[in-house]
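Below: one structure, written as structure tokens.
Numbering (this note's numbering), first residue to last: 85 to 459.
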């Protein structure tokens, strides 16, 4: 089968990019003829994967995404793909995956002054992508996103599926990474006895770092908070930690490679997100045997259980967040807890989730073939 996967950016990092790499490799390994339609790319995840680069002239981000979507439409019409799978910000596909929530709901949460031209163009593209007749099937990675799709665009239930995110349980494995984690602890000056909380993610505001700092400051135990990830306003959060009197207990590291080392070092992963369609990092923490604190606004709440995670109602409930941090700090070194975390993550291993995606692709292909017979 000739399968085209469409995403403007093919790269080694990023949630959608990670999905693109894993799915393209899985399909190629099963003998499918895989083409990635993109504007830019890095080395493919499998040598049999080919690229079609579309780079129409454009000025600015808004024009770039619109003209790329138009170029994809022209290319697909002229090609002979058996199935086209779009990963967002285009409108020409048989299947569409929404991995980061709908643009419609993102914009609804912003004031009109915060809405950029690029956002408005993305919303127009999404509306075209979800229009009746534009797709056979829509996949999302959480019930939260699935509900948004139904609410915003009225996509019928029989044309929607939820396939949760995945985790590479070989890469994220505390037992395998034990020596690396111990070396990291020495590097950071940790004593091995003090509970370690980890906040890891790009975009501190949306993912709740301010709430994390406020709750951490209320703890009546000695603990360490490690902050990993990229944010242009990191200095602002470091100043906030200083004002709270916890500067010496917080380690800000910025963007770092090998997140698996930090998940294997931590005693609890804290993600009190204001909005997070799913969150790969929740599964990565669990795969490393690390319990999680998150919010009802994080789609990953759908897969966790209360014996390995705490889901608080909202990011600004500092009292609940403090209580949860205190509870999990008391579980430091609990090997049975680590085992339960890992067992849940194994049910969402990348191989299992890619198999589900492949089956969905095969089902949609059969649906498309049947539709052709009727026309």
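From the three backbone atoms N, C-alpha and C, an ideal C-beta is built for every residue, glycine too.
Leaving aside the five residues before and after residue 146 along the sequence, list all residues of the same chain whose C-beta is less than 8 Å from its C-beta, in chain order.
Indexing the chain shown from 1 puts residue 146 at position 62. Correct list, in chain order: 200, 201, 202, 204 and 205.
Kindly list the residues whose CB is nearer than 6 Å to the CB of residue 88, restricted to its own chain and excluding five residues on each side of it in sequence; keep chain order.
To locate residue 88, count along the chain shown from 1; it is residue 4. Closer than 6 Å at Cβ, skipping near neighbours: 119, 121, 165 and 168.
Look up residue 354 in the DSSP assignment and say whether it is helix, strand or coil.
Taking the chain shown and counting its residues from 1, one reaches residue 354 at position 270. Residue state, collapsed to three classes: strand.
Measuring CB to CB, does residue 341 end up less than 8 Å from residue 405?
What you label residue 341 is simply residue 257 of the chain shown in a count that begins at 1. What you label residue 405 is simply residue 321 of the chain shown in a count that begins at 1. Their beta carbons are not under 8 Å apart, which means residue 341 does not touch residue 405 by this criterion.
In whole angstroms, give me the CA-to-CA distance for residue 178 and residue 170.
Taking the first residue of the chain shown as position 1, residue 178 is located at position 94. Taking the first residue of the chain shown as position 1, residue 170 is located at position 86. If I take the Cα positions, the gap works out to 8 Å.
Compare the beta carbon distance of residue 350 and residue 363 with 8 Å and say whether it is the shorter of the two.
As a first step, residue 350 is located in the chain shown; it is residue number 266 there, counting from the start. As a first step, residue 363 is located in the chain shown; it is residue number 279 there, counting from the start. Not closer than 8 Å, so no.
Between residue 274 and the rest of its own chain, which residues show a CB-CB distance below 7 Å, the 5 nearest in sequence each way excluded?
Position 190 of the chain shown, counting from 1, holds the residue named residue 274. Once the five neighbours on either side are set aside, the close Cβ partners of residue 274 are 280 and 308.
Residue 262 - containing alpha helix (DSSP H), residue span:
Against the chain shown, residue 262 aligns to sequence position 178. Run containing residue 262: 262 to 272, per the alpha helix (DSSP H) assignment.
With a threshold of 16 other CB atoms inside 10 Å of the CB of residue 439, please say whether the residue is buried or exposed.
Counted from its first residue, the chain shown places residue 439 at position 355. It counts as exposed.
What are the boundary residues of the alpha helix (DSSP H) that residue 229 is part of?
One-based indexing of the chain shown puts residue 229 at position 145. Counting along the chain, the alpha helix (DSSP H) containing residue 229 begins and ends at 227 to 237.
Spatial distance of residue 319 from residue 407 (CA atoms)
Locating residue 319 in the chain shown gives position 235, counting from the first residue. Locating residue 407 in the chain shown gives position 323, counting from the first residue. For residue 319 and residue 407, the distance between alpha carbons rounds to 27 Å.
Straight-line gap, residue 236 to residue 398 (C-alpha atoms, nearest Å)
On the chain shown, residue 236 is found 152 positions in, with the first residue counted as 1. On the chain shown, residue 398 is found 314 positions in, with the first residue counted as 1. If you take the alpha carbons of residue 236 and residue 398, they lie about 23 Å apart.
Pairing CB atoms from the region 218 to 227 with CB atoms from the region 171 to 191, are three or more of them under 8 Å?
yes
As a quick exercise: from 414, 429 and 286, pick the residue whose alpha carbon is nearest that of residue 336.
Position 252 of the chain shown, counted from the start, is the residue given in the question as residue 336. The option with the nearest alpha carbon to residue 336 is 286.
At what residues does the beta strand (DSSP E) containing residue 436 begin and finish?
Mapped onto the chain shown, residue 436 falls at position 352. Residue 436 -> not in any beta strand (DSSP E); alpha helix (DSSP H) instead, spanning 434 to 458.
By the 10 Å Cβ neighbour count, where 16 or more other Cβ atoms means buried, how is residue 321 classified, buried or exposed?
Within the chain shown, residue 321 is the residue found at index 237, counting from 1. Classification of residue 321: buried, given that the 10 Å Cβ count is 16 or more.
Nearest by alpha-carbon distance to residue 231: which of 256, 182 and 124 is it?
The residue given as residue 231 occupies position 147 in the chain shown. Closest option to residue 231, Cα to Cα, is 182.
So residue 288 and residue 317 are supposed to be a Cβ contact under 8 Å. How far apart are they, rounded?
Indexing the chain shown from 1 puts residue 288 at position 204. Indexing the chain shown from 1 puts residue 317 at position 233. Indeed they touch by this definition, with Cβ atoms about 7 Å apart.
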